Structure formats: C-alpha cells, structure tokens
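Mapped onto the working numbering, the consecutive letters of the sequence shown carry residue numbers 1262 to 1867.
All C-beta atoms in this analysis are idealised placements derived from N, C-alpha and C, irrespective of residue type, glycine included.
Small disclaimer: the values here were computed from a predicted structure and weren't measured.
Data block below; observations after.
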Amino acid sequence: MLFKIYLAKYVLFADGSNWLPLITDLPAVWVVFCLIEWLAPKRKFGAYLAADLILTCVYFAVIMYYKYFGVVVTYHALQQVGQVTEVQGSVMSLLHPYFLLIFTDIVLFAILLAASKGFRQWRMQLAGREPRRIVLSLFLLSITICLANVWQSRASMNELKKSENMGIIPYQTVEIAAGTKDAVTAMVTDPKPPVDVTPAAIDEVKGITEPSTPQFQGIAKGKNLIVIQMEAFQNFLLGAKIDGTPITPNLNELLGSTVYFPHFYQMVGQGNTADAEFVVNTSLYVPKHGAASQDFGDRLLPSMPRLLASNGYDTATFHTNDVKFWNRKELYAALGFGKYYDKQFFGDDDLVFFGSSDELLYEKTAAKLAEMDAADKPFYAQIITMSGHHPFNIPDRKIRFQLPERFQGTLVGDYIEAQNYADYALGQFIAKLKQSGLWDDSVIVIYGDHMGLPIYSLTDHEKKLMEEEGLIGREYRPTEMMNIPLILSVPGIQGPKVMPQTGGQADIFPTVANLLGVSTKAQVHFGEDLLNQSSNLLPERYYLPSGSFINNKGIFVPGEKFSDGTLLGFGGSQPAASDATEDQYNRALKLLDMSDRYVQSLPKLN
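Next comes the structure, spelled out in structure tokens:
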C-alpha cells in the first residue's frame, strides 16, 4: 500500500514533502485494516484482498484522471462512465505502462491462490483476531490523525492542496459526505428564484457599468449568426510555425479581416465540449461537479437560442456524434434549439474518431444552411467540430502537415497534425460561405472549446517542443493552456482589429446579442459585451482549483487560501502581487455562488 500511495504522490504531488504521505495516507489505510481485523477475522485474507483492490482502483483512477484533467477525481466522475467507451483512445493514450505496476500484488495473489496449495493453506491459517488492545490503539491513533488532517485543511479552496494535506482516501471520504449532505439539503429545500441575482447585481459584483449607448449596437441587426466551436483548439496555434511552415494558414489569413481576441479563455468543467456549448449559449457558469449537460439538462435555461427565436430566428445545432453522447439531446431541449443534426444526419462516411470528419461536417452543414437561408427569416446555427479530438491520431489520409523528426510520435506532433487538418477543413467551409453569399450576410463566431494539450500529460521532451520559438517560445503554463482564440467576422466592422481585453466563453452571448441588436438587459447572464468593456473577472472551475480567477493581468491560483496563491502573468510576464486582490478572489467566488443558486432555481422542463 505504501508503494501505491507513493506512486500516486509522484504523479500528483511531485514537489510535495516525501514524508507527508506517511502522515496523511498511511493512517487511512490503517483505519481500513483495523476494521477488517474487527469485522472479518475469520475471512481476513479475502477482506484484505478486497480492500486492497478497492483502494488500488481509487489510486489508479486518481492517477489516470489527473494525467488529463489535472484534478483529483472524486465519485462525481462516475457520471462519466457511460462516455468512456466513446473516448477509450484518449484514456489509453494516458496509460503509462508503469502505472499498471500498482496492480502487481493483486495479480501475484491471484496466481498464488490458483497455483499454490501451500499458499491456500497459509491463507486459512490467517483466520483469527489480533490482540484487541493493539488493534484498538492503532485504530484510535489512525482515526485521530485522519480527523486532524481533515480539520486543519477543511477551509482550503484548492482541491489539490486539500487532497494532499488530507490524504487521498480521507479526501474522497469527505467529498462523499459533503455530496450526501448537499443531496439531503436539495431534497428538503424549496428552490425559489434568488432575489439577489439580477443583471444589475452581477454587474456590480463584476465591477462593470453598462454604457447607455453601446458601441456597435445593432450593427448586424437581422443578420444570420454562425457559431463555430473548434475541438481542443488553443490560441497559440494562430501564427505558429514549425521550421517556417504555418500550422493554421487559413485562420492566419482570416485574422487580416476580422476582430480577434488573443486574451480569451475557456470556462468549461467536467463536461468539456458540452460544457462549452452550455456556457456560450447561456452565459452561466458550469457546475462545481459534473457536466452541465447532465446536471442542468432538465432545466428550462434562458439562452441565446431562446432569445434569438423570440426575435424571429430559426435555430439549429450541428454535431457529427450521437446526440445521446454527453446527454446532448436533453441539453439542446433545455437550451431551446429548434433542431439538432447529429450522427443520424451526417452518417458514417469518412469517419475520424467517433464521427464524420470536419470536411463532411462542413459540407453537409453548408448545404443545410443554404436551405435555411432560403427562408424569410434569419438563422442561428452552431457548428461543433470534432476532428481535433484528443488523442489527435487522425487517419493518415487526413494528414497534410509534414512534421520534422523531433515532433514525430509525440502528443504535440499529433496535435499539430490534427489542428492543421481542422484549419484546412475550416478553410473549405469559409470558401463555401463566401461563394454562397452567407459570409457577408452573417456574424461569424469562431472559438476553441477547451485546451488540447494538458500540461500534466506532456513529457519533458514535449514540453521542450512547446518552448520552441515558432510555438510558445517560453515555458508552457496554465496561461497558455487555458487560452483559446475568439474571432468575430461582423458585417459593418472592418478588420483587422486586435482587442486586448480579457474575455471568456460566457462573454460570447452578450457580445453577439449587442451586435445583432437583441437586448439582454432583462436576462440574467454572467458574461459581458467584450466590445464595450475593458475590464473583466472570470471565475474558473475544475481545470483550476476553486477560487481561481482570470483578470486583465493573468491567472490567479490560490494555495490553501488567497494569501499563499500565485498570479501567473500573461505572455510569461511577472505581474506585481497587487495585480490580484483578495477582493477579486471573494467576488469570483460570489459570482459562482450566484450562478449556482440561479440555475438551481430554474423550473424543470417536465
């Protein structure tokens, strides 16, 4: 068990104290062992083996989950079990062979039980109680240490720090207890619309003032809206080159005539792509645990599709995967989309990962948009791409980028090949839109849904590749990992325009609504119009510890509390300590609380 504890420590808390697991994790194991001695003395070996298997599975799950998400997995992630078969390639790509050593003892025991009569006889001899006084003393000592660790870390906002200081097993126990308490509270509480959650109150907490006459208001009134959500597309790709060859030539060209926000950040949680769809269409925040599509899919959500439909728009969303994946069928009903087009519409031709390629997505979507354009009213179409999905091993027939040898066989190299293909397919779609006249008659929004290269998944060699001058040119940090692009093509706004303000996915809804001349003043939303605001405060969840936020200077990540937190400056800069304040920290937490209470108060669809 010590070996398993230290393997998890090596992956999750490499920089932490080597002695700490002896105080945090080992006592929790002793508690389990003492309970076995009390409750199952006659079947001791089987009980120990079962406990060993359960604890091993917990440590293994924690290790695997951290390698992609950078967070400590809890029982809440069991909601994701149904999605694992769809993304098994991503899961397997994270599996380092040495992780499997954690199961060595269990395999050996199984072999010995099957092959050794002497071992089976020894197992029977284990039956019997150990001296009660010794077991009781060890149990009381261990439970006291566990409770002390939990008590002193109970106020920490940082889940990683909390898990490190409590111990992985005690932390899991605390999360289960907290979840049970929340579930009981939800059952006995009659949710009512919170009177303190209003657009004016949100603006006050965010520290912004709405202009009386917003710039660009209604400049694209009556135009179509086409929103393109690009899978795992990070901002560093734009303008990046490898040995002089650009990775995204089509998007690079597009920047010359559009509005571009280089300081734009993901705001997704456990649901990744589906969470991005939720945030962009509602301007609300994701739940603390679970995916928005699963937790909020039964609610009547105030949303961009509903608001635009009430203003005469047809609405539709396009995704080549099965609509049941990530509970999207319920999510789209909750968001109020008029129609959805999924795998049934796109078919099984030209597959990449678990759906049709981006080329086929764009080809069939372009034809459907032409049909929608023939009607007498404007439309809102959201397009979800998928060919850039982790682990990025696209079919050879789709590879168009010649990687130098140092990038071959690496996650970074595979990512570049996949995103170069995504850029190529997007270029074809843009050409179709321009040829049909839809480009000039539509507001086009292009953004990434979430990061593609988790820092925690990269080897030292891959991190060095990211530091090359043509890519990041410096250390790859959360400021780059969380950074996604936002590009707007707006009839009536002449580009190129590079907007320096900080933004997040929750800001797309109010920004677009202003351009289309649709008012959001009566609608609760947590984003802001990026074309009319210069400051921003973005609370983050899941991929960063609770209490993290993004402001105009960088990304703040708390330690055990605000005072021992770290502010990571944009562009590798070294911001001053005063650039992130405790007031911003408290306001970010308040915004998350306001969003949670507001969504829970919304009526259910049925």
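With distance defined between alpha-carbon atoms, name the residue in Gly1505, Pro1639, Ile1655, Tyr1593 nearest to proline 1665.
Considering only alpha carbons, the answer is Gly1505.
So, isoleucine 1487 versus serine 1703, is the Cβ gap smaller than 7 Å?
Closer than 7 Å, so yes.
Strand pairing of threonine 1459, partner residues [DSSP]
In the DSSP output, where bridge partners are listed per residue, threonine 1459 has none listed.
Cβ pair proline 1746, asparagine 1496 closer than 7 Å:
For the pair proline 1746 and asparagine 1496, the CB atoms are nearer than the 7 Å cut-off.
Check each candidate in Val1751, Arg1381, Ala1595, Ile1716 and name the one with the smallest Cα separation from leucine 1863.
It is Ala1595 whose Cα lies nearest to the Cα of leucine 1863.
Alpha carbon to alpha carbon, how far is leucine 1829 from alanine 1275? Give it in angstroms, no decimals.
The alpha-carbon atoms of alanine 1275 and leucine 1829 are separated by roughly 20 Å.
Could you compute how far the alpha carbon of glutamine 1527 sits from the alpha carbon of valine 1334?
Each residue's CA atom was taken as its position, placing glutamine 1527 and valine 1334 some 20 Å apart.
Exposure of cysteine 1318, with buried meaning 16 or more beta-carbon neighbours within 10 Å:
If you draw a 10 Å sphere on the C-beta of cysteine 1318, you find fewer than 16 other C-beta atoms in it, and that means exposed.
Which runs of the alpha helix (DSSP H), 4 residues or longer, sit entirely within the stretch 1768 to 1842?
Counting whole runs of 4 or more residues, the stretch 1768 to 1842 contains the alpha helix (DSSP H) stretches 1769 to 1777.
Does the separation of the CB atoms of tyrosine 1641 and tyrosine 1574 fall below 7 Å?
It is a contact, given that the beta carbons lie within the stated cut-off.
Using 8 Å for Cβ pairs, my map puts proline 1566 next to phenylalanine 1598. What's the rounded Cβ distance?
The pair is a contact, with the Cβ atoms about 5 Å apart (cut-off 8 Å).
What separation, rounded to the nearest whole angstrom, lies between the Cα atoms of leucine 1776 and lysine 1782?
About 14 Å.
Kindly list the residues whose CB is nearer than 6 Å to the CB of serine 1618, restricted to its own chain and excluding five residues on each side of it in sequence; keep chain order.
Hits under 6 Å: Asp1611, Ser1648.
Taking the continuous alpha helix (DSSP H) assigned at threonine 1578, which residues delimit it?
No alpha helix (DSSP H) contains threonine 1578, which is instead part of the beta strand (DSSP E) from 1575 to 1580.
How would you write the range of the alpha helix (DSSP H) that histidine 1722 sits in, first residue to last?
1721 to 1727 is the span of the alpha helix (DSSP H), which, as asked, contains histidine 1722.
With burial defined as no fewer than 16 other Cβ atoms inside 10 Å of the residue's Cβ, what is the status of tyrosine 1320: buried or exposed?
Tyrosine 1320 is buried by the Cβ-count criterion.
Spatial neighbours of serine 1278 within its chain, please: C-beta separation below 7 Å, excluding the five flanking residues on both sides.
Within its own chain, no residue has a Cβ closer than 7 Å to the Cβ of serine 1278 once the five positions on either side in sequence are excluded.
Ends of the alpha helix (DSSP H) at asparagine 1426?
That run of the alpha helix (DSSP H) goes 1420 to 1427.
Can you tell which of Phe1294, Leu1296, Phe1264, Ile1297 has its C-alpha closest to the C-alpha of proline 1282?
Among Phe1294, Leu1296, Phe1264, Ile1297, the Cα nearest to that of proline 1282 belongs to Phe1264.
Mapping DSSP to helix, strand and coil, what is asparagine 1410?
Annotated three-state conformation of asparagine 1410 is helix, per DSSP.
Compare the C-beta of arginine 1415 with all C-beta atoms of chain D and state if any pair is closer than 7 Å.
Absent from the structure: chain D. Only one protein chain is present.
Thinking isoleucine 1463 and phenylalanine 1810 are a contact (beta carbons under 8 Å), I'd like their distance in whole angstroms, please.
Going by Cβ atoms, the distance from isoleucine 1463 to phenylalanine 1810 rounds to 15 Å, so no, they are not a contact pair.
Buried or exposed for glycine 1815, going by 16 or more other Cβ atoms inside 10 Å?
So glycine 1815 counts as buried.
Do you know how far the Cα of lysine 1725 is from the Cα of tyrosine 1708?
A direct Cα-to-Cα measurement between tyrosine 1708 and lysine 1725 gives close to 26 Å.
Using CA coordinates, which residue listed in Phe1770, Gly1734, Asp1840, Asn1793 is at the minimum distance from glycine 1833?
Taking the Cα of glycine 1833 as reference, the smallest distance to any Cα among Phe1770, Gly1734, Asp1840, Asn1793 is reached at Gly1734.
Per-residue burial, glutamine 1476 [other beta carbons within 10 Å of its own, 16 or more giving buried]:
The residue in question, glutamine 1476, is exposed, as its Cβ has fewer than 16 Cβ neighbours within 10 Å.
Nearest neighbour of lysine 1659, chosen from Glu1298, Tyr1685, Leu1672 [CA to CA]:
Selected option, being the one with the closest Cα: Tyr1685.
Coil, strand or helix - methionine 1633 by DSSP
In this structure, methionine 1633 counts as helix in the three-state DSSP scheme.
What ranges does the beta strand (DSSP E) occupy inside the stretch 1703 to 1768, keeping only unbroken runs of at least 3 residues that lie completely in it?
Fully enclosed beta strand (DSSP E) runs of 3 or longer: 1703 to 1709, 1744 to 1750.
Coarse secondary structure for serine 1862, derived from DSSP in three states
In the structure shown, serine 1862 sits in a helix (DSSP, three-state: H, G or I).
Identify which residue in Lys1502, Ser1414, His1711, Lys1305 has its Cα closest to the Cα of glycine 1765.
Measuring from the Cα of glycine 1765, the nearest candidate turns out to be His1711.
Rounded separation between arginine 1253 and leucine 1850 - CA only:
What is shown of the chain runs 1262 to 1867, which leaves residue 1253 out entirely.
Should the stretch 1452 to 1459 be called in touch with the stretch 1299 to 1308, which here means at least 3 C-beta pairs below 8 Å?
At 8 Å Cβ cutoff, the stretches do not touch.
How about aspartate 1583 and aspartate 1559: do their beta carbons lie closer than 7 Å?
In this structure, aspartate 1559 does not lie closer than 7 Å to aspartate 1583 by Cβ.
What are the uninterrupted segments assigned as alpha helix (DSSP H) that are 4 or more residues long and contained completely in the stretch 1287 to 1321, given in chain order?
The stretch 1287 to 1321 contains these whole alpha helix (DSSP H) runs: 1287 to 1300.
Straight-line CA distance for aspartate 1768 to isoleucine 1480?
Near 18 Å, if we compare the C-alpha coordinates of isoleucine 1480 and aspartate 1768.
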